[in-house]
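Residues 24 to 354 in the working numbering are what the sequence shown lists, from first letter to last.
A quick write-up on the structure given underneath.
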Amino acid sequence: MTDDNWKRSKPTVEDVRLAYLMLLGREPEDETALRNGIEFYGTLNTLRNSMATSDEGKRALLALLSPSFSDSRVKFHSGRGFDIWLELQDNGVSAPIFLKGRFEPYIEHFIEDRFDTNTTFVDVGANVGWFTMIAAALIANSQGVGQVISFEANPQTAELLQATVQSSSFADFIEVHALAVSNEVASVWIENPDDGNIAGASLSFGGMRRTSRHPASAVLSAPLDQILADHPQRISLIKIDVEGAEPRVIEGARAIIDRHRPALLMEFNAEALAMVSDSTPTKLAKQVERLGYALIDFRGDGVRCPVDRVETLVRENGGYYDLLAMIEGKS
């Protein structure tokens, strides 16, 4: 068979299965996906190109190659006026940024459109600092007097965040805290998952680790009410993405929230909330509403999200979903 002929050949079920295994590194969802793949892709060439260049295909290739790199940490030029250090073995945050130059664009757009650059943005669970740097760039480019205060508990990721900030022309606008945020001053464990998603590292409270199978580090935790008690500038926006510790962050920020009434960008992750805080998306939504906030589906239709709708949104979007919380009646 010539090159041209194989490219035009219709894939078989076995071709589709092998493409999943070789290009995506996993089995297909089910037999229906296999059968549908034959008609969907049409030719072997389309099957190969579509899978290899998909977001999942790119991540699989990067995961395959990165262990062979002499150093999986790279400095990436964002195209947004800053460079950022990434860990290519992290398929949760760093890999998508490296491959696409974007991460969670709905949050990028919200910060770009709504952040007042004469106020403070608090980034809780900053990871490598993508949103931290976007906000800092906005402040600098608008000649604002605002500030970004970033918190990252994972020592491995916090090191990259600090390296990015220290080498940036926006460093004067950013304050980095390499610690966990919760509702108490305590020593806690941060445990890394074994699925390559370093961004999915989660906290374990009460002085005990959930499991000895995963790499873990002891880190200090503290509440925002203590850390930012004397912060002089208005805090207009707090982003909270801490893999299930969101209820603890909110509980430890009651005074800050009451004083500044910031918008809250929050992740609702059903599995992580249950594991880390013995909570649920509904419980977290009610906790926020009791503080006088309304939940907004800013990813979807931009309208208010009733509490009884939160669990459905989370379930329909793979187990986690980001929502905006605004003071009732404020847009």
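Here a beta-carbon is modelled for each residue, glycine too, at the ideal position from N, C-alpha and C.
- Message: Helix, strand or coil for D320? Go by DSSP, reduced to three states.
- Response: D320 falls in the coil class under three-state DSSP.
- Which two residues bound the contiguous alpha helix (DSSP H) that contains E37? The continuous alpha helix (DSSP H) containing E37 extends over residues 36-42.
- Message: Taking the beta carbon of G82 as the centre, do at least 16 other beta carbons fall within 10 Å, making it buried, or is it exposed?
- Response: According to the sequence displayed, residue 82 carries Arg and not Gly. Buried: at least 16 other Cβ atoms inside 10 Å.
- Message: Excluding the 5 residues flanking T66 on each side, which residues of the same chain have their C-beta closer than 8 Å to its C-beta?
- Response: Counting only Cβ-Cβ distances below 8 Å, and skipping sequence neighbours, we find K30, R31, S32, K33, P34.
- Do the CB positions of A209 and A176 come within less than 9 Å of each other? No, they are not a contact pair.
- Message: Going residue by residue through the segment 113-142, where are the continuous alpha helix (DSSP H) segments of at least 4 residues, counting only ones entirely within it?
- Response: If we require 4 residues or more, the alpha helix (DSSP H) runs fully inside the segment 113-142 come out as 117-123, 128-137.
- Using DSSP bridges, identify the partner residues of E334. BP columns for E334 are empty, so no partner.
- For S101, does the three-state DSSP call read helix, strand or coil? The DSSP-derived three-state label of S101 is coil.
- Could you round the C-beta distance between L85 and L111 to whole angstroms and report it? I think they count as a contact, below 8 Å. Between L111 and L85 the Cβ distance is about 6 Å, and since that is below 8 Å, they are a contact.
- Task: Pick out whichever of D139, A158, I107 has its Cα sitting closest to the Cα of E131.
- Result: If we check each option's Cα against that of E131, A158 comes out closest.
- Please report how far the alpha carbon of D345 lies from the alpha carbon of N114, in whole angstroms. Approximately 19 Å, taken between the alpha carbons.
- Straight-line gap, G223 to N340 (C-alpha atoms, nearest Å): Going by C-alpha positions, G223 is about 17 Å away from N340.
- Return yes when the Cβ of P270 is within less than 9 Å of the Cβ of S300, no when it is not. Going by C-beta atoms, S300 is nearer than 9 Å to P270.
- Where K81 sits in the DSSP three-state scheme: K81 falls in the helix class under three-state DSSP.
- Task: Please classify S205: is it buried, with 16 or more other beta-carbons within 10 angstroms of its beta-carbon, or exposed?
- Result: When all chains shown are included, S205 counts as buried.
- Message: On the DSSP letters alone, give me the boundaries of the alpha helix (DSSP H) that Q185 sits inside.
- Response: Segment 178-189, the alpha helix (DSSP H) holding Q185.
- Task: Can you give me the start and stop residues for the alpha helix (DSSP H) that L310 sits inside?
- Result: Checking the sequence, you will find Gln at residue 310 rather than Leu. Note, Q310: alpha helix (DSSP H), 304-312.
- In chain order, what residues of the same chain lie with their CB nearer than 6 Å to the CB of A239, ignoring the 5 residues before and after it? W212, E214, R232, listed in sequence order.
- Item | M156 versus A297: straight-line alpha-carbon distance, rounded | Going by the C-alpha atoms only, they are around 31 Å apart.
- Item | Three-way DSSP call (helix, strand, coil) for L251 in this model | Three-state result, L251: coil.
- Item | From T335, V326, H283, A317, residue whose alpha carbon lies closest to that of A293 | With distances taken between Cα atoms, A293 lies closest to T335.
- Pick out whichever of F291, L314, S259, D38 has its Cα sitting closest to the Cα of E266. That would be F291, whose Cα lies nearest to the Cα of E266.
- Item | Candidates V97, R96, R277, P246: closest to Q203 by CA position | Correcting the residue type first, residue 203 is Ala in the shown sequence and not Gln. It is P246.
- Name, in chain order, the residues that DSSP records as bridge partners for S192. When DSSP reads this structure, S192 sits in no beta bridge, so it has no partner.
- Measure the CB-CB distance between L251 and V171 and report whether it falls below 9 Å. Note that the C-beta distance between L251 and V171 is not below 9 Å.
- Query: R257 to E135, Cα distance in whole Å?
  - Reply: Their Cα atoms are separated by approximately 18 Å.
- Specify, as a first and last residue, the run of the beta strand (DSSP E) that F174 falls within. Run containing F174: 170-174, per the beta strand (DSSP E) assignment.
- Looking only at C-alpha atoms, which of A118, E79, G124 sits nearest to H355? This structure does not reach residue 355, given that the chain is present from 24 up to 354, and the question cannot be answered.
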